[in-house]
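Report on the following structure.
Protein chains: 2
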Amino acid sequence: MTKKKPLILVTNDDGITAPGIRTLIEVMKELGDVVVVAPDSPQSGMGHAITISDTLFCEQVTIKENYKHKEYSCSGTPADCVKIATQEILHRKPDLCVSGINHGSNSSINVIYSGTMSAAVEAGVEGIPAIGFSLLDYSLNADFEPARKYVKAITRNVIKNGLPKGVVLNVNIPKLPASEIKGMKVCRQANAQWEEEFDKRTNPQGREYYWLTGKFVNKDKGEDTDEWALGKGYVSVVPVQFDLTAHHFLDDLNNWELND
Amino acid sequence: MTKKKPLILVTNDDGITAPGIRTLIEVMKELGDVVVVAPDSPQSGMGHAITISDTLFCEQVTIKENYKHKEYSCSGTPADCVKIATQEILHRKPDLCVSGINHGSNSSINVIYSGTMSAAVEAGVEGIPAIGFSLLDYSLNADFEPARKYVKAITRNVIKNGLPKGVVLNVNIPKLPASEIKGMKVCRQANAQWEEEFDKRTNPQGREYYWLTGKFVNKDKGEDTDEWALGKGYVSVVPVQFDLTAHHFLDDLNNWELND
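Quick mapping for you: the protein sequence lines, in order, are chains A and B. Okay, so the first sequence: first residue is 1 according to the working numbering, each after it adds one. Okay, so the second sequence: first residue is 1001 according to the working numbering, each after it adds one.
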């Protein structure tokens, strides 16, 4: 008797035609039955946006003729894709949801801006084990080959062990040749941030506008962080929760004079 | 000698002309020097989106002639507003950032979809004490008067006590007459979620589309949650963190066979 294959929902935030999701689909097909529901256009930096003031289109598409699984292109955000996949396409919860492989890092504080991770978190909220994968290479021609081994290993572990309620995984892969990646490290989110810089310009009509730019600054010296691991050539694996309560501050806050 | 007034940045996600931000501005003017940088249009459900693939406009506007403080209207998201305020308008960190008062709840899991809270979190990431305020009334004609007292009290407490690094406050106010609000309660985020329903329609050209709808389901029976407090007529105050690491799962995850 063969064990039933898991049903794996694949999504991302770079759009359904991005090279990163193509690699992810190929790896997932080795592990289960795949259905793809992904944005029709890039959604990077969308955070946990959902579409509530606009209509959503979601239609079956064929990206590669030799692919036997079904793929759907959705006009919404990554979080929308997970919602519509569960409710309108699969009519059940998939056994696993994977998002990515993102073109660019989602380590450290980037997790809160990340469309890739918002899809994983949305799945987690719905009780679906979920993993977001990102490669530290923004290039459209990024080499996703070295990532395959780690994507497969961690997904196998999640299929085997499950994940606790309220936890999803944030996996980042360094931009290195396969021979130079040292393995995987379980980490915490580094306490780093972006120092914004705005590039101020004037448009042809004389109106000022800005481009958001910035540099990433990590002052967290801990050797247990994702930034540390990535810098040393490891794949970082951070368990991520969406109970945002700062439980450690509840006691102090209860001592405030709020009702005086 | 008079104590220097705090510089308070006011923003929101319903847009700079929304009634909720007008109430918030009035209360803040009693507590400090106010600068407003808010989206030029509604940004509800934007989560922690930032604008990285498009240009940003940000210009001084006059919403009310009798207002002496400065107000800026920004084409971006709530998180963009905080970034541009700090970098390009104030050229310093404000002493406090307040966001809202949102037209509608941001309790429980709504915190992850919330543009209101994303502005507060963005400020927190930048090291600025921050509070998001929401009223449980989606109506444009919502009565914000009963909220004033609580908004002022909690803001005074934050000005006096500060907030720990990495923590911002999520304050939700029940839709009740002033006489029926019982006071404030420090809470944790309820473990609730949305059960999505998609309203499927066909457009005049025969193409199917969807509206995202759903109902909010709270199975968390704890009497220490924001949902419980709001249901009992209290203002809920949840301390929110943006270190999303599920620290409680690190040990177990380290026992997985990731590198075998």
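Glycine residues also receive a C-beta, built at the ideal position from the N, C-alpha and C atoms. None of these values were measured; they are calculated from a predicted model.
For residue i, count neighbouring C-beta atoms within 10 Å of its own C-beta (all shown protein chains included) and say buried if the count is 16 or more, exposed if not.
i       : result
B/G1206 : exposed
B/M1001 : Note that B/M1001 scores 48 on pLDDT, short of 50, meaning its location in the model is unreliable; the coordinates nonetheless yield the value given after this. Counting Cβ neighbours within 10 Å, B/M1001 comes out exposed, since fewer than 16 surround it.
A/N110  : buried
A/L212  : buried
A/K5    : exposed
B/N1255 : exposed
B/D1251 : exposed
B/G1231 : exposed
B/N1012 : buried
A/N102  : buried
B/H1048 : buried
B/E1208 : exposed
A/K83   : buried
A/E257  : exposed
A/S44   : buried
B/L1253 : buried
A/S53   : exposed
B/A1030 : Rather than Ala, the amino acid found at residue 1030 of chain B in this sequence is Glu. It counts as exposed.
From the DSSP output, in three-state form, read off residue i for me.
i       : result
A/H103  : strand
A/Y209  : strand
A/F249  : helix
B/T1023 : helix
B/L1056 : strand
B/L1009 : strand
A/S236  : strand
B/G1115 : helix
B/W1256 : coil
A/K185  : strand
B/G1166 : coil
B/Y1150 : helix
B/I1131 : strand
A/D199  : strand
B/D1033 : strand
B/P1094 : coil
A/M1    : Caution applies to A/M1, whose pLDDT of 48 falls short of 50 and renders its modelled position unreliable; the model cannot decide the point.
A/N110  : helix
B/E1071 : strand
B/T1062 : coil
A/K160  : helix
B/G1231 : helix
B/G1045 : coil
A/P78   : helix
A/T155  : helix
A/T225  : strand
A/G214  : strand
A/A192  : strand
B/I1173 : strand
Out of the options, which has the shortest C-alpha to C-alpha gap to residue i?
i       : options                               : result
B/E1145 : B/G1166, B/I1181 and B/R1156          : B/I1181
B/R1156 : A/D260, A/S44, A/D13 and A/M28        : A/D260
B/V1027 : B/K1149, B/L1253 and B/Y1209          : B/K1149
A/D40   : A/C74, A/M46 and A/I8                 : A/C74
B/L964  : B/G1047, B/D1095 and B/E1197          : Since the displayed chain B opens at 1001 and closes at 1260, residue 964 of chain B lies outside it and no answer follows.
A/A178  : A/K160, A/E196, A/K185 and A/A147     : A/A147
A/I50   : A/F249, A/V61 and A/P78               : A/P78
B/P1138 : B/K1070, B/G1100 and B/I1159          : First, the residue type needs correcting, since residue 1138 of chain B is Tyr and not Pro in the sequence shown. For B/Y1138, the nearest C-alpha among the options comes from B/G1100.
B/D1033 : B/D1014, B/H1048, B/E1088 and B/K1003 : B/K1003
A/Q87   : A/L9, A/T116 and A/V158               : A/L9
A/F133  : A/V61, A/T23, A/K160 and A/E196       : A/T23
B/P1174 : B/A1085, B/G1233 and B/K1152          : B/G1233
A/G76   : A/E227, A/D14 and A/N161              : A/D14
Specify whether the region 221-240 of chain A and the region 1061-1076 of chain B touch according to this definition: at least 3 beta carbon pairs, one from each stretch, less than 8 Å apart. no
Between the region 1037-1051 of chain B and chain A, which residues of the former have CB atoms less than 8 Å from a CB of the latter, in chain order? P1042, S1044, G1045, M1046, G1047, H1048, A1049, I1050 and T1051
Closer than 8 Å is the cut-off here; do at least three beta carbon pairs connect the region 1100-1116 of chain B with the region 1185-1203 of chain B? yes
Closer than 8 Å, Cβ to any Cβ of chain A: which residues of the region 1172-1186 of chain B, in chain order? So the close ones are G1183, M1184 and V1186.
Please name the residues in the region 119-137 of chain A whose beta-carbon is closer than 8 Å to at least one beta-carbon of chain B, in chain order. If the cut-off is 8 Å between Cβ atoms, the region 119-137 of chain A has V121, V125 and E126 near chain B.
Listed in chain order, which residues of the region 1087-1104 of chain B have Cβ atoms closer than 7 Å to some Cβ of chain A? Q1087 and E1088
At least three beta-carbon pairs within less than 8 Å, the region 119-126 of chain A to the region 193-207 of chain A: no
Taking one C-beta from the region 1167-1182 of chain B and one from the region 12-24 of chain A each time, how about it: are there three or more such pairs within less than 8 Å? Cβ pair count under 8 Å is below three, so no.
Evaluate the contact criterion for the region 124-135 of chain A versus the region 43-61 of chain A: three or more CB pairs, one atom per stretch, below 8 Å. no
Is there contact between the region 1243-1250 of chain B and the region 1210-1230 of chain B, where contact requires at least three CB pairs shorter than 8 Å? Taking 8 Å as the limit for Cβ pairs, the verdict is that the region 1210-1230 of chain B does not touch the region 1243-1250 of chain B.
Got a sec: which bits of the region 1153-1164 of chain B sit with their beta carbon under 7 Å from any beta carbon on chain A, in order along the chain? A1153, I1154, N1157, N1161 and P1164
Taking Cβ-Cβ distances below 8 Å as the criterion, which residues of the region 221-240 of chain A are in contact with chain B? V237, V238, P239 and V240
Compile a chain-ordered list of the residues in the region 1050-1065 of chain B whose CB is closer than 8 Å to at least one CB of chain A. I1050, T1051, I1052, S1053, T1055, L1056, F1057, C1058 and E1059
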